[in-house]
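Per our numbering: the sequence shown ends with 148, consecutive numbering throughout.
C-beta atoms are modelled at their ideal positions from N, C-alpha and C, and glycine is treated no differently.
Note that the structure is a prediction, hence the values are computed from the model and not measured.
Step one of this worksheet: look at the structure below.
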Amino acid sequence: MTDPLDEVDREILDRIGRYDPPPPDLDERVLFALALTGLDDEVARLAETVAPAARAGEQARTITFDASSRTVMITILERPDGLVRLDGWLAPGAALTVELRRPAPAPPRTVTADDTGRFVLDGVPHGLAQLVIHGTTRVVTPSLLL
């Protein structure tokens, strides 16, 4: 479609821009998502999101990512101080390094899962994040908002 825009087209685009603009940080989100993916990385896909019942005053959600070599499940728990705690599990369980990436200038945080695949990242600020599981094959989750 190479026809020039007419007045109706311009009006539609103007309305879209006013009433449904792209997120202000869209460029940052795209660059962050593209920055890591290497040719040998296995990209996990979002399999399920669940908002489990939590104790009074707590908000939690559980997200599961599937890749052919590994499943990553995390529960994100809101803390009273405005930060979050991530409780995670790798299946099959293994003592692997789990890296939490956030956009610059935030440095990545790493923890080592125990032999059963359990890991915890506590005191994490809200915002865009991505998990990288370092094993024989590196597994990368899609970006998510904490």
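Minimum C-alpha distance to residue i - residue among the options
i, options, result
"T73", "Q132, D43, T143", "T143"
"A115", "A96, I76, L79, E30", "A96"
"A108", "Q132, T66, T99, H136", "Q132"
7 Å Cβ shell around residue i - same chain, five flanking residues per side excluded
i, result
"P127", "L85"
"A49", "T66, F67, D68"
Whether residue i touches residue j by CB criterion (8 Å)
i, j, result
"I78", "A62", "yes"
"V122", "D83", "no"
"T101", "S70", "For clarity, residue 101 is Glu in the given sequence; the question names Thr instead. Cβ distance not < 8 Å, so E101 and S70 don't count as in contact."
"T118", "T99", "no"
Host alpha helix (DSSP H) of residue i (start-end)
i, result
"L15", "9-21"
Residue range of the unbroken beta strand (DSSP E) whose run includes residue i
i, result
"R72", "Where R72 is concerned, there is no enclosing beta strand (DSSP E), given that its DSSP letter is neither H nor E."
"D43", "Note, D43: premise wrong, no beta strand (DSSP E); not H, not E."
"L85", "L85 -> no beta strand (DSSP E), and no H or E assigned at all."
heavy atom of the ligand PLP below 7 Å from residue i C-beta
i, result
"P94", "The ligand PLP is not part of this structure, which contains no ligands at all."
Contact set for residue i: own chain, Cβ-Cβ below 6 Å, skip 5 residues either direction
i, result
"M75", "T66, W91"
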